[in-house]
Amino acid sequence: MGLMNRLTPKVVSAKTHGVIDYLHAGLNFAAAALLRNTNRRASKAAFAVGTGVLANALLTDYPLGVFRVYSFRLHGAVDYGLAATSGSVPRLLGIEELPEARFFKWQSTAEAVIAGLTDYKEGSGFRGRRSFSSRRAA
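Be aware that the sequence shown starts at 0, since it is given in numbering that gives the first Met the number 0, and climbs by one per residue.
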């Protein structure tokens, strides 16, 4: 998962990480709404990143996951991908010099820091509880 993940203390639990994920998705959706009238491309990018964060949270097998399709460890890899994606948005949209770029740069940094501080092994055994798919089959 990267050098940062190996070198940082693991102080964020799976449950805390889940709370942060849902807050992070909400922050993106709020940014999308606020940017809608001033920068449509940045608004759409914030909405897309928020959708990715929300999907990652909903599909993860951890305390706040809903569908529990994949492991918390894989969730961590997706987190780093989302951080890279968010950090790339200003350049991809050609808005590096605009104030909106700061939102994506700060978000990318925060995502990478939280990912580095999270113990992705801690939530990996959550499958012991019944998943959404097994509840539907029952």
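Just so you know, even glycine gets a beta-carbon here, dropped at the ideal spot from N, CA and C. All values reported here derive from a predicted model rather than from experimental measurement.
| Item | Value |
| --- | --- |
| Thr108 - DSSP class collapsed to helix/strand/coil | helix |
| Contact under 7 Å by Cβ, Gly86 with Ser107 | yes |
| Length-filtered (3 minimum) beta strand (DSSP E) runs lying within the stretch 24-72 | none |
| Counterpart residues of Thr117 in DSSP-defined beta bridges | Val11 |
| For Lys120 and Val11, the rounded distance between their alpha carbons | 11 Å |
| Assigned secondary structure, Leu97 (DSSP; H/G/I helix, E/B strand, else coil) | coil |
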